[in-house]
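Read through the structure below, which is laid out as structure tokens, and then see the notes.
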Amino acid sequence: MIFGATGDLAKRKLFPSLYNLFKKEQLGRFAVIGVARRTLTNEEFQNNVKQSVNPDGAENSEIDEFASRFYYHSHDVTDSNSYAALNRLATEMDSHYGLKGNRIFYLAMAPEFFGTIAEHLKLDGLTETQGFKRLVIEKPFGHDLDSAKVLNNQIRTAFSEDEIYRIDHYLGKEMVQNIEVIRFANAIFEPLWNNRFISNIQVTSSEVLGVEERGRYYEKSGALRDMVQNHMLQMVALLAMEPPIRLTTDEVRSEKVRVFRALRPIKDSDVNQYFVRGQYGKGKIQDLEVPAYNQEEMVSPESNTETFVAGRLMIDNFRWAGVPFYIRTGKRMAAKSTKIVVQFKDIPMDLYNKQEGSVNPNLLVIHIQPEEGITLYFNAKRSGQSLNSTPVKLSYANKGIDGLNTPEAYEKLLYDCLRGDATNFTHWDEVALSWSFVDNISAVWENEKESFPNYESGTMGPKAADELLEKDGFFWWPVTDLDVETC
Ligand code: NAD
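If you want the numbering used here, it's the position in the sequence shown, counting the first as 1, plus 1091.
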């Protein structure tokens, strides 16, 4: 059952992902009930589904077969009378398609409805089923620790922790999943993956787009809640975690939780020393003038909401003591890029270059999106007679090797959920710990007005974000210079 089946997420991500799984015969026996407020017939709904998977509308019997499994139930989720009818439809589908009572409830709706829907699913008997029941829940999971707790308590009345699949779509991305493999399947990296050999790690997730039409939501959220609490901290956890004993959901999640527990909390008085916030002003993106954030639709001209965050995180355990993890994320930046740069320590002395400091440190770059791959930078002899070194790189571009687009994150996550594998979803303990880390920072920022805007659209954020690293003797590796070459 998809709640919010006429929405943007369903149309752009869920239907196409389900169709890809259908084509690969990975859906098994299935039917989909779309739930939303609007009145639609099954046929109209099926046409929406077809449109989303096949926008040019060409005849395709496979798509017709796929879409024929979609049913529509018009239902205001706040109206308790409608759930009984939904349950009857679900029971009919069960027997018609032989689904053994297995039910997945996907909440692709505004978060204020999550708790109510979960409670009704239990109250009106939809969770009383012979098969499995699973709840997939979209972000944001609360807007701070307290609201996340309230929501969690509501959904826990109807589902146990192992039946809850909290989506963080970054965890479905091919190269995010690859972080663990790169680390734990290569003898050349894991022995170096600690504070003796790594000087710092930089995680950047930059967007070129502005807030678009999401002003109303974004004003209440900001980059800290929208990106740092979930995606950025999840990437840090995967980079920093200890090797799990085995790749089971519980083992992987508990290693991630240990990273969050080791994350050094930021004292109020240190927030502005270790975290930088920004808000975009007007500027140029690909020669086009774009407006400042505070001029966007549904945004207050006095807005104190950040569209950019950079921060320095410290993980206080034996492996990482002393190694800063720098994160930065923002809108209207110079490039669309999600990249991780692992900077190794300098060699003890440079034999090859007369000028001090001219040998480059080794870098391992993990390209998450838009291009996917890995680049290792090392030093080799400069051609010619001199014995100077020059940086060279080894690149692996994911798309080049596979020759195909990698599956969408949503496709992988839906498949995991169908199989009952919750490894790439966030456990409540991860959510709670990351909210408590972020809440410290937002509490300080909400009480202090920043002089926004403080970075021009089309740049890499405010100057203070560069100074954050300069204070430690580092600098942000420019994401655009590190692009992986497609093979
Ligand atoms: P949307 O506004 O496009 O769609 C909302 C859906 O909810 C519609 O189908 C609407 O009919 C339905 N709805 C609203 N009120 C209802 C009610 N009272 N009863 C029944 N149905 C009701 O939203 P969206 O962009 O699809 O986002 C859905 C969720 O997914 C949100 O939690 C959002 O944060 C999350 N999300 C969306 C995207 C995306 O790309 N759109 C990405 C990540 C997360």
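Where a beta carbon is used, it is the ideal one built from N, C-alpha and C, also for glycine.
CA-to-CA distance, residue j to residue i, given in whole angstroms
{"i": "residue 1550", "j": "residue 1427", "result": "11 angstroms"}
{"i": "residue 1556", "j": "residue 1225", "result": "41 angstroms"}
{"i": "residue 1444", "j": "residue 1377", "result": "39 angstroms"}
{"i": "residue 1465", "j": "residue 1266", "result": "9 angstroms"}
{"i": "residue 1381", "j": "residue 1305", "result": "16 angstroms"}
{"i": "residue 1543", "j": "residue 1261", "result": "29 angstroms"}
{"i": "residue 1476", "j": "residue 1453", "result": "24 angstroms"}
{"i": "residue 1366", "j": "residue 1174", "result": "46 angstroms"}
{"i": "residue 1436", "j": "residue 1451", "result": "10 angstroms"}
{"i": "residue 1355", "j": "residue 1405", "result": "6 angstroms"}
{"i": "residue 1493", "j": "residue 1271", "result": "Because residue 1493 carries a pLDDT of 45, less than 50, the predicted location of this residue cannot be relied on, and the following value inherits that uncertainty. If I take the Cα positions, the gap works out to 19 angstroms."}
{"i": "residue 1205", "j": "residue 1233", "result": "10 angstroms"}
{"i": "residue 1098", "j": "residue 1199", "result": "8 angstroms"}
{"i": "residue 1431", "j": "residue 1293", "result": "6 angstroms"}
{"i": "residue 1407", "j": "residue 1273", "result": "23 angstroms"}
{"i": "residue 1490", "j": "residue 1501", "result": "18 angstroms"}
{"i": "residue 1414", "j": "residue 1093", "result": "43 angstroms"}
{"i": "residue 1578", "j": "residue 1321", "result": "Legend: pLDDT at residue 1578 = 34, less than 50; position of this residue unreliable, no value from coordinates given."}
{"i": "residue 1177", "j": "residue 1374", "result": "50 angstroms"}
{"i": "residue 1297", "j": "residue 1319", "result": "12 angstroms"}
{"i": "residue 1391", "j": "residue 1310", "result": "8 angstroms"}
{"i": "residue 1495", "j": "residue 1114", "result": "Any reading at residue 1495 needs caution, since the residue's pLDDT is 47, under 50, leaving its predicted position unreliable; the model's value is listed next. Approximately 15 angstroms, taken between the alpha carbons."}
{"i": "residue 1263", "j": "residue 1344", "result": "15 angstroms"}
{"i": "residue 1529", "j": "residue 1535", "result": "10 angstroms"}
{"i": "residue 1473", "j": "residue 1455", "result": "21 angstroms"}
Paired residues, beta bridge with residue i - DSSP
{"i": "residue 1470", "result": "1482"}
{"i": "residue 1531", "result": "None; residue 1531 has no bridge partner."}
{"i": "residue 1164", "result": "1126"}
{"i": "residue 1428", "result": "1297"}
{"i": "residue 1565", "result": "Answer is none; residue 1565 lacks a bridge partner."}
{"i": "residue 1421", "result": "1297, 1399"}
{"i": "residue 1443", "result": "Note: residue 1443 sits in no beta bridge, so no partner."}
{"i": "residue 1413", "result": "In the DSSP output, where bridge partners are listed per residue, residue 1413 has none listed."}
{"i": "residue 1216", "result": "Answer is none; residue 1216 lacks a bridge partner."}
{"i": "residue 1550", "result": "1424"}
{"i": "residue 1488", "result": "1464"}
{"i": "residue 1380", "result": "1375"}
{"i": "residue 1369", "result": "1399"}
{"i": "residue 1451", "result": "Per DSSP, none; premise fails for residue 1451."}
{"i": "residue 1291", "result": "1434"}
{"i": "residue 1121", "result": "Paired residues: none, contrary to the question."}
Residue from the options whose Cα sits closest to the Cα of residue i
{"i": "residue 1331", "options": "1305, 1280, 1317", "result": "1280"}
{"i": "residue 1342", "options": "1518, 1264, 1297", "result": "1518"}
{"i": "residue 1558", "options": "1478, 1406, 1466, 1368", "result": "1368"}
{"i": "residue 1479", "options": "1486, 1485, 1471", "result": "1471"}
{"i": "residue 1527", "options": "1235, 1104, 1117", "result": "1235"}
{"i": "residue 1433", "options": "1284, 1208, 1183, 1220", "result": "1284"}
{"i": "residue 1228", "options": "1258, 1254, 1253", "result": "1258"}
{"i": "residue 1484", "options": "1515, 1507, 1473, 1468", "result": "1468"}
{"i": "residue 1095", "options": "1149, 1107, 1214, 1166", "result": "1166"}
{"i": "residue 1401", "options": "1424, 1408, 1410", "result": "1424"}
{"i": "residue 1158", "options": "1413, 1391, 1139", "result": "1139"}
{"i": "residue 1180", "options": "1171, 1163, 1172", "result": "1163"}
{"i": "residue 1170", "options": "1141, 1187, 1143, 1127", "result": "1127"}
{"i": "residue 1593", "options": "1246, 1254, 1249", "result": "For residue 1593 there is no data in the structure shown, the boundaries of the chain being 1092 and 1578."}
{"i": "residue 1201", "options": "1313, 1349, 1308", "result": "1308"}
{"i": "residue 1548", "options": "1339, 1276, 1153, 1372", "result": "1372"}
{"i": "residue 1141", "options": "1287, 1203, 1156", "result": "1156"}
{"i": "residue 1105", "options": "1143, 1122, 1345, 1132", "result": "1143"}
{"i": "residue 1565", "options": "1291, 1383, 1538, 1329", "result": "1291"}
{"i": "residue 1247", "options": "1230, 1231, 1212, 1278", "result": "1212"}
Classification of residue i by the beta-carbon crowding that lies within 10 angstroms, buried from 16 upward
{"i": "residue 1438", "result": "exposed"}
{"i": "residue 1429", "result": "buried"}
{"i": "residue 1389", "result": "exposed"}
{"i": "residue 1397", "result": "buried"}
{"i": "residue 1187", "result": "exposed"}
{"i": "residue 1571", "result": "exposed"}
{"i": "residue 1370", "result": "buried"}
{"i": "residue 1289", "result": "buried"}
{"i": "residue 1221", "result": "exposed"}
{"i": "residue 1243", "result": "buried"}
{"i": "residue 1325", "result": "buried"}
{"i": "residue 1168", "result": "buried"}
{"i": "residue 1440", "result": "exposed"}
{"i": "residue 1462", "result": "buried"}
{"i": "residue 1214", "result": "exposed"}
Q | For review: beta carbons within less than 7 angstroms of any heavy atom in ligand 1 | A | 1094, 1095, 1096, 1097, 1098, 1099, 1100, 1101, 1103, 1104, 1126, 1127, 1128, 1129, 1166, 1167, 1168, 1169, 1199, 1200, 1201, 1202, 1204, 1229, 1230, 1231, 1260
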